[in-house]
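Peer 1:
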């Protein structure tokens, strides 16, 4: 199995631009999670889906952030407009049992 | 409010010796715990887990111990190898499928 796939691996953008991060979960995994990692706050859960339905988005920092899962093999996390404080590593993870999560390699985002 | 705490930021161990990584939690509703290992520029990799109904789980060189009364768990790596050098995260989960992570500890295994 290829594992969780994320793209792009690196993204550099200017403040105010729209950023779209993509994730393909492991086939057969019904849960998908989006995390953000920063030095100050560590690894934080932003939102998670079960069977393509958003279950908990309480970690989404503000309305500039949105996430979708149109089908079982694809999810996006969008930031519009982006700000320098959004600079972080964003991870996607998937799970078959809702407990053990398997992480992708992450997207390193830098907003100038 | 940190519900999962890894109080030591780093640990250095000689190759072949035991590494003991500690983790404390505050929420008694957590009912399963996991350890992840992370290399630079990679995502966290699942290492081992334990359910709250157990006090020990072993997988090769890795053993996780859980002390529910003390709200404490530890990861033992024996013998430690240079390839074990990485950041280790403790995570705790409950009925809602959400994991809460500690800040991580950097393990360095000296040859």
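Protein chains in written order, with the numbering used here: chain U, 2 to 113; chain A, 3 to 113. The C-beta atom is built at its ideal place from N, Cα and C for all residues, glycine as well.
So, do the stretch 46-55 of chain U and the stretch 7-22 of chain U have three or more beta carbon pairs nearer to each other than 8 angstroms?
Peer 2: Taking a cut-off of 8 angstroms on C-beta distances, the stretch 46-55 of chain U does not touch the stretch 7-22 of chain U, as fewer than three cross pairs fall below it.
Peer 1: Mind checking residue 105 of chain U: buried by the 16 CB within 10 Å criterion, or exposed?
Peer 2: Buried, because 16 or more other Cβ atoms sit within 10 Å of the Cβ of residue 105 of chain U.
Peer 1: Express the C-alpha separation of residue 89 of chain U and residue 13 of chain U in angstroms, rounding to a whole number.
Peer 2: 11 angstroms
Peer 1: Counting only beta-carbon atoms, is residue 62 of chain U nearer than 8 angstroms to chain A?
Peer 2: no
Peer 1: For residue 37 of chain U, is the classification buried or exposed, using 16 other Cβ atoms within 10 angstroms of its Cβ as the cut-off for buried?
Peer 2: Burial call: buried.
Peer 1: With a threshold of 16 other CB atoms inside 10 Å of the CB of residue 107 of chain A, please say whether the residue is buried or exposed.
Peer 2: buried
Peer 1: Across the stretch 39-59 of chain A and the stretch 88-97 of chain A, are there enough close Cβ pairs to call them in contact, namely three or more that are closer than 8 angstroms?
Peer 2: Enough Cβ pairs lie closer than 8 angstroms, so yes.
Peer 1: Does residue 86 of chain A come out as helix, strand or coil in the three-state DSSP assignment?
Peer 2: Secondary structure of residue 86 of chain A (DSSP, three-state): helix.
Peer 1: Does any residue of chain A bring its CB to less than 8 angstroms from the CB of residue 108 of chain U?
Peer 2: Not one beta carbon of chain A lies nearer than 8 angstroms to the beta carbon of residue 108 of chain U.
Peer 1: The beta strand (DSSP E) that contains residue 50 of chain U, what's its start and end?
Peer 2: 43-51
Peer 1: When you compare the CB of residue 27 of chain A with every CB in chain U, is at least one pair closer than 8 angstroms?
Peer 2: no
Peer 1: If the cut is a Cβ gap below 9 angstroms, which residues of chain U does residue 41 of chain A touch?
Peer 2: Here the premise fails: no neighbours, minimum Cβ distance about 10 angstroms.
Peer 1: Between the alpha carbons of residue 76 of chain U and residue 78 of chain A, how many angstroms are there, rounded?
Peer 2: 36 angstroms
Peer 1: Show which residues of chain U have a CB atom less than 7 angstroms away from the CB atom of residue 34 of chain A.
Peer 2: 100
Peer 1: Please look up how many angstroms separate the CB atoms of residue 36 of chain A and residue 101 of chain U, rounded, as I've assumed it's under 8 angstroms.
Peer 2: 7 angstroms
Peer 1: Closest by CA to residue 42 of chain A, which one among U:107, U:112, U:113 and U:111?
Peer 2: U:107
Peer 1: Here's a check: name, in chain order, each residue in its chain whose Cβ is nearer than 7 angstroms to the Cβ of residue 22 of chain A, leaving out the five neighbours to either side.
Peer 2: 76 and 78
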